[in-house]
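With the first letter of the sequence shown counted as 1, position 199 gets the number 202 in our numbering; the numbers rise by one all the way through.
Right, one structure below, let's go through it.
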Amino acid sequence: MNNLVGILSASGFSQIKVINRVRVRSPYLKVTEHDLSGGFVNRNHIGQSRRQVLEQLKANSSLYPDQSNSGKNPDLVISIGKPAPDALQRWNSENTRYLLVDIASSGEVRIGPLVIPGKSPCYRCTELSVNQSREEVNVKQDLDVGVTMSYAVATSIAADVSQIAAHKKSVFLATSITYSMRNFHKPEMHHWMLHPACGCNWS
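Listed below in structure tokens is the structure:
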């Protein structure tokens, strides 16, 4: 996430807001050794408030540092990890586009699909499809992404966000791409369809 914020900011996006939905005493609220991925966060940041470090990161790398976040609803949400049910409901009700990013392990990350509420397969559609095909979903305890994977994923997302902003097109629309260190140069692509058991497209 740290690299993604830095790259998006350096690409000219100034309206970036990071939301951490964790408990008040969660260690994730502070920068730890696991955040060291080169470039944006270094050892001097360990122990500092994550929110403050990210704000400083945006200010240092932004092309437009004088612009602050507006109070309007976001044009795009990048959801890293399994989204909370209340967040999904809010995005759908507010018609907010969201890009799903699933970290399976330190060496495998799935980007996509990009969801346009009511028009493309949603998060529940993907969950229903996975369960129907009886794929095994293993919960990984180590979700720290390596440096190479972190930059590759962040760059891929930032490039696509630029395409969305400039041309209203996304390679991740109804599509996910899984980047893996086992087969890095040939990522797996999967196309999703609206699931008949999901109510996201019922009229």
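We put the beta carbon where it would ideally sit given N, CA and C, even for glycine.
So, residue 173 versus residue 91, is the Cβ gap smaller than 7 Å? As a position in the sequence shown, residue 173 is number 170, starting the count at 1. As a position in the sequence shown, residue 91 is number 88, starting the count at 1. The answer is no: Cβ separation not under 7 Å.
In the DSSP assignment, the beta strand (DSSP E) including residue 180 goes from what residue to what residue? The sequence position of residue 180 within the sequence shown is 177, counting from 1. It spans 178 to 183 - the beta strand (DSSP E) in which residue 180 sits, taken as one unbroken run.
For residue 11, tell me which candidate among 178, 81 and 93 has the shortest Cα-Cα distance. Here residue 11 corresponds to residue number 8 of the sequence shown, with the count starting at 1. Ranking 178, 81 and 93 by Cα distance to residue 11 puts 81 first.
When the Cα of residue 183 is compared with those of 192, 176, 20 and 15, which residue comes out closest? In the sequence shown, residue 183 corresponds to position 180, counting from 1. Cα-wise, what sits closest to residue 183 is 192.
Starting from residue 89 and walking both ways along the alpha helix (DSSP H), at which residues does that stretch end? Working through the sequence shown from its first residue, we reach residue 89 at position 86. Per DSSP, the continuous alpha helix (DSSP H) segment holding residue 89 begins and ends at 88 to 96.
Could you check where the beta strand (DSSP E) with residue 188 kicks off and where it finishes? As a working note, residue 188 is residue 185 in the sequence shown. Per DSSP, residue 188 belongs to no beta strand (DSSP E) and is neither H nor E.
So what does DSSP say about residue 60, is it helix, strand or coil? Taking the sequence shown and counting its residues from 1, the one referred to as residue 60 is at position 57. Looking at residue 60 - three-state DSSP - the assignment turns out to be helix.
Residue 82 - DSSP class collapsed to helix/strand/coil: Numbered from its first residue, the sequence shown carries residue 82 at position 79. Looking at residue 82 - three-state DSSP - the assignment turns out to be strand.
In DSSP terms, what residue 153 is bridged to: On the sequence shown, position 150 is the one that residue 153 refers to. Answer is none; residue 153 lacks a bridge partner.
Report the option in 112, 17, 126 and 13 whose CA atom is closest to the CA atom of residue 89. Residue mapping note: residue 89 aligns to position 86 of the sequence shown, counting from 1. It is 126 whose Cα lies nearest to the Cα of residue 89.
Supposed close pair residue 114, residue 104 - CB separation, criterion 8 Å: Numbered from its first residue, the sequence shown carries residue 114 at position 111. Numbered from its first residue, the sequence shown carries residue 104 at position 101. Yes, residue 114 and residue 104 are in contact; Cβ-Cβ is about 5 Å, under 8 Å.
Residues bridged to residue 3 (per DSSP): Because the chain spans 4 through 206 in this model, residue 3 falls outside it and cannot be assessed.
Residue 160 burial status per 10 Å Cβ neighbour count (16 or more: buried): In the sequence shown, counting from the first residue as 1, residue 160 sits at position 157. It counts as buried.
Rounding to the nearest angstrom, what Cα-Cα distance links residue 196 and residue 130 in this structure? The count along the sequence shown starts at 1 and reaches residue 196 at position 193. The count along the sequence shown starts at 1 and reaches residue 130 at position 127. Answer to the nearest angstrom: the Cα atoms are 11 Å apart.
In the DSSP assignment, the beta strand (DSSP E) including residue 116 goes from what residue to what residue? Locating residue 116 in the sequence shown gives position 113, where the first residue counts as 1. Start and end: 111 to 118.
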